[in-house]
Amino acid sequence: MCGIVGYVGPRQCTPILIEGLKRLEYRGYDSAGVAVLEGGTTRLVRTRGKLSALETLLAESKPTGTVGIGHTRWATHGRPSEENAHPHRVNGVSVVHNGIIENHMTLRQRLQGQGRKFSSETDPEIVAHLIDEALQGGAPTLLEATRRALGQVEGAYAIVVLWEKDPERIVVAKNASPLVLGLGEGENFVASDVPAILAHTRSMLFLEEGEVGEITRAGHQLIDLKGKPITRAPKQITWSAVMAEKAGYKHFMLKEIHEQPRAVTDTLRGRLELEEASVTLEDVAINTKTLKKLYLVACGTSWHAALCGKFLIEGIARIPVEVDLGSEFRYRDPLIGKGDLLVAVSQSGETADTLAAVREAKQKGGKVLAIANVVDSSIPRASDWSLYTHAGPEIGVASTKAFTTQLAALTLLAIHLGRRSGALSPESARQLQGELLAIPAKMQEVIGGAAQIHVLARRYGQARDFLFLGRGINYPIALEGALKLKEISYLHAEGYPAGEMKHGPIALIDEHLPVVVLAPQGPGYEKVLSNLQEVKAREGKVIAVVTRGDAEVGALADEVVLIPPTSPWLQPLLTVLPLQLLAYHIADFKGTDVDQPRNLAKSVTVE
Ligand code: AGP
22 MCGIVGYVGP
32 RQCTPILIEG
42 LKRLEYRGYD
52 SAGVAVLEGG
62 TTRLVRTRGK
72 LSALETLLAE
82 SKPTGTVGIG
92 HTRWATHGRP
102 SEENAHPHRV
112 NGVSVVHNGI
122 IENHMTLRQR
132 LQGQGRKFSS
142 ETDPEIVAHL
152 IDEALQGGAP
162 TLLEATRRAL
172 GQVEGAYAIV
182 VLWEKDPERI
192 VVAKNASPLV
202 LGLGEGENFV
212 ASDVPAILAH
222 TRSMLFLEEG
232 EVGEITRAGH
242 QLIDLKGKPI
252 TRAPKQITWS
262 AVMAEKAGYK
272 HFMLKEIHEQ
282 PRAVTDTLRG
292 RLELEEASVT
302 LEDVAINTKT
312 LKKLYLVACG
322 TSWHAALCGK
332 FLIEGIARIP
342 VEVDLGSEFR
352 YRDPLIGKGD
362 LLVAVSQSGE
372 TADTLAAVRE
382 AKQKGGKVLA
392 IANVVDSSIP
402 RASDWSLYTH
412 AGPEIGVAST
422 KAFTTQLAAL
432 TLLAIHLGRR
442 SGALSPESAR
452 QLQGELLAIP
462 AKMQEVIGGA
472 AQIHVLARRY
482 GQARDFLFLG
492 RGINYPIALE
502 GALKLKEISY
512 LHAEGYPAGE
522 MKHGPIALID
532 EHLPVVVLAP
542 QGPGYEKVLS
552 NLQEVKAREG
562 KVIAVVTRGD
572 AEVGALADEV
582 VLIPPTSPWL
592 QPLLTVLPLQ
602 LLAYHIADFK
612 GTDVDQPRNL
622 AKSVTVE
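Just so we're on the same page, the working numbering is the position in the sequence shown counted from 1, plus 21.
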């Protein structure tokens, strides 16, 4: 998520903007900028890179002025660059924006058709044109012009606007991307998150969906998109500054577990064409007529997503898929060649083993698609195409929201390939699209059951070993559950195919071994049930993840965690959540460094 700060009051605004943006730095960004109103004009200073580079430019230009806005950009569309950095200015209107405007192409084409020129490939410039267009069309105020402009916009936005001709106010608007007003004495603030302005005031007014407003020195006002006034009392924030960076959560990992429904929503946004029952993937141009085989290559948690991807793509698109670890692929003289596609899955886009696999594939004549979370990182830059997950910066070393957005992206890819190859009918595609759109709410429901997982973590957290079992598309989730527990609690844990347990690991089973069994309704359910009974017959303690309404497993297991029903293809998006929470709460009880576990790095850029 990008960072936004705005100030209107008696003080010089530039230091306030920079200090506020620094308090949002932990979330990651790749460019920054400020716009300050000064003597009837706008001083616009932007740069690719970090705030330190922006401060260097500001030291040279020294904008003075008491009304201004600042932004740090985490690129989702358009590579990191000065011209893509926010704020964007059009005829005296300056805008910063967080979110994704779904109908950006339609709006851009209309505006260009009317002779308007664009200097960037970003969404906020479109909004600046729309507001300028409304002002030139007679809108009496900046607030009204912004309201009219947003009536044409579809998608997620947190928008903050300045206008040279009315230098006493800042206009704000929010839909699906957070924005908060800070109410001071004779001065007011706006920010994308509390930490940016907590040093100046604790009186915060959180904007809600579809609200537009303005702040001046003297006060603020809110309206809805129809222009109806809104009044709401501000909240008094009691968090410490450190807690505020985690939005009140104890750790970034817990915050990111809770962010997953929104992260999946943002990753799906603008890519599901329900009318045509298809999926659009920006600049991806895979020729399914010549596509012979697909290789999914990744490391760690991303490799677990790749393993799920094999089930999705072979099952939905009926294209052969081979999955490999980055560190193995590049040393086995792989048979990849012309007509093959390598899909590199990586949160950071910098993992050396995966990057090496990408280069090996290209060198052997294969095409490469990167599924990454960091725009313009090394792996997308080395690939032919990129499909970005819009999880926002993932701070916790243990990957959670990046993983579920990778699953969402791989599902989109499977539908895209299946529709183009003809393996997936429009009816089946529509049904799966419908289930996909319903998945964030179901994820929210599972995460809402965290209190039960908290109890299980206390009950079983003293065990020395854990075994995780799953079948089919849930087998990689068993691996992921074990990795999450290992990497943040330092307990030994193993993920295994449920059907394979009787070929060895069953020797481990006794009354001291908790066994997490993924047993949702669907393919292989009956077989998993017998595996569960094999565990019980040897006194193992079974924690079963089952579909709501399943009474059968409930009678057999020691503990039952419920998930809502969904398509078997989408079950991993739900079954992984209790395992993330179990690992988190066990680690938290043990007092390990959950966000920065020992020996681990967030991005492994060495082989
Ligand atoms: C996941 O919890 C780990 N931090 C680690 O396994 C990670 O998934 C792996 O290093 C791959 O990183 P990437 O997704 O950035 O390529």
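Virtual Cβ for every residue (Gly too), placed ideally from N, Cα, C.
Within the same chain, GLY120, ALA177 and GLU230 come within 7 Å of ALA197 by CB-CB distance, once the 5 residues on both sides are set aside. In the three-state scheme derived from DSSP, where H, G and I count as helix and E and B as strand, GLY516 is classed as strand. Note that the C-beta distance between GLY207 and ARG238 is below 7 Å. Sequence-distant Cβ neighbours of ARG351 in its own chain, meaning closer than 7 Å and more than five residues away, are ALA377, ALA378 and GLU381. For VAL615, the secondary structure class from DSSP, reduced to helix, strand or coil, is coil.
In summary, ASN209 is buried, with 16 or more beta-carbon neighbours lying within 10 Å of its beta-carbon over all protein chains present. Listed by position in the chain, the residues whose beta carbon lies within less than 5 Å of some heavy atom of the ligand AGP are CYS320, GLY321, THR322, SER323, SER367, GLN368, SER369, THR372, ALA419, SER420 and VAL625. In the three-state DSSP reduction, ASP609 falls in the helix class (H, G or I).
Look at SER261 here: in three-state DSSP terms it is coil, with no helix or strand label.
The distance from the Cβ of ALA435 to that of ILE509 is about 30 Å, inconsistent with a contact at the 8 Å cut-off.
Taking 7 Å as the cut-off, the beta carbon of LYS276 is found no closer than this to the beta carbon of ALA284. DSSP, reduced to helix, strand and coil, places ALA499 within a helical segment of the structure shown. Each residue's CA atom was taken as its position, placing ALA217 and GLU146 some 24 Å apart.
The beta carbon of HIS475 lies closer than 7 Å to those of HIS606 in the same chain, with the five residues before and after it left out.
The continuous beta strand (DSSP E) containing TYR28 extends over residues 24-29. Rounded to the nearest angstrom, the gap between the Cα atoms of GLU40 and ASP614 is 28 Å.
Measuring C-alpha to C-alpha distances from TRP406 to each of LEU512, VAL395, LEU390 and ILE90 identifies LEU390 as the nearest. The criterion of a C-beta distance shorter than 7 Å is not satisfied by VAL538 and LEU602. Contact between ALA53 and HIS92 is confirmed by a C-beta separation of about 7 Å, below the 8 Å threshold.
Judged by DSSP secondary structure, ASN209 falls within the beta strand (DSSP E) whose first and last residues are 209-212. Residue environment analysis places VAL364 among the buried positions, since at least 16 neighbouring C-beta atoms fall within 10 angstroms of its C-beta.
ILE251 is bridged by DSSP to LEU243. Annotation for ASN552: the continuous alpha helix (DSSP H) segment containing it runs 546-557. If you check the CB distance, LEU488 and VAL536 come in under 7 Å. Taking a contact to require three or more Cβ pairs closer than 8 Å, the region 317-336 and the region 493-500 qualify as touching.
Counting of Cβ neighbours within 10 angstroms places LYS313 among the exposed residues, the total staying below 16. Looking at the backbone, the Cα of GLY336 and that of GLU580 are separated by about 31 Å. Per DSSP, the unbroken beta strand (DSSP E) holding MET225 starts and ends at 224-227. With a cutoff of 7 Å on beta-carbon distance, ILE90 and GLY27 are scored as near each other. Taking a 10 Å sphere around the C-beta of ALA503, we find 16 or more other C-beta atoms and assign the residue as buried.
The alpha-carbon of VAL567 is positioned some 6 Å away from that of VAL582. Cα atoms of GLY525 and PHE227: separation of roughly 55 Å, rounded to the nearest angstrom. Residues of the same chain with a CB within less than 7 Å of the CB of GLU343, apart from the 5 flanking positions on each side, are LYS314 and TYR316 in chain order. In the DSSP assignment, no residue is bridged to HIS150.
Here ALA74 is not near LEU65, since their CB atoms are 7 Å or more apart.
Between GLU456 and THR309, the CB-CB gap reaches or exceeds 7 Å.
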